[in-house]
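Residue numbers (our numbering): 1 to 193. Glycine is no exception: its CB is placed at the ideal position from the N, C-alpha and C atoms. Worksheet: one structure, shown below.
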């Protein structure tokens, strides 16, 4: 007579075990899987989540942002991911709720973001203002059009890398000039709160 197959032997082995032993084995197996998933998630590649005021379709914004995204990835050493926002309110909410790290926002929405976040967001750079194209109706706050903004709890080293990357863009360099042109500026300058 043939000996029992290995699978049959394993089944017989488990049939002989108590229910408590089976539960213990399953609990250890489940704990191992959870621990491995947690371990893997802690070592995932960091991502800079970026969005822009939705003043155009997501596909147009993505196309305009792509060269800047590639540039920032090289400069800061981490993946940059574009996440389109439904509207300016959603953009502000996502920044405040830590779903975005860096946003391109206009002056009026910058004021809203600061108020809604209890001043937990700050601008880091803006484009150089061309006084010939800027008209001022009310000058209550010194906010010049669009600015790149982050949360105040962003790692200081990352914030400085971002600032340095924006300030290093040079219109005399062909690749940099493409980025600047798509951002509708000839240069970024440091900005303050």
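Relative to the Cα of residue 85, the nearest Cα in the group 73, 74, 100 and 75 belongs to 100. Segment contact: the region 111-124 against the region 150-158, three or more CB-CB distances shorter than 8 Å; contact assigned.
If you ignore the 5 residues before and after residue 158, its C-beta comes within less than 7 Å of the C-beta of 76, all in its own chain and listed in chain order.
Residue burial annotation: residue 25 is exposed, with fewer than 16 other C-beta atoms found within 10 angstroms of its C-beta. Fully contained in the region 145-190 are the following beta strand (DSSP E) runs of length 3 or more, in chain order: 147-151 and 188-190. The closest CA to that of residue 127, considering only 108, 190 and 30, is found on 190. Across the set 169, 147, 62 and 124, the C-alpha of 147 shows the shortest separation from the C-alpha of residue 108. Residue 83 and residue 56 have their C-alpha atoms spaced approximately 14 Å apart. With 16 or more other CB atoms across the displayed protein chains lying within 10 angstroms of its CB, residue 123 is buried. In this chain, the alpha helix (DSSP H) harbouring residue 75 covers 58-76. By the CB criterion at 8 Å, residue 64 and residue 182 fall inside the cutoff. Under the three-state reduction of DSSP output, residue 99 falls in the coil class, being neither helix nor strand. Judged by their CB atoms, residue 61 and residue 54 are nearer to each other than the 8 Å cut-off. Around the beta-carbon of residue 51, 16 or more other beta-carbon atoms lie within 10 Å, marking it buried.
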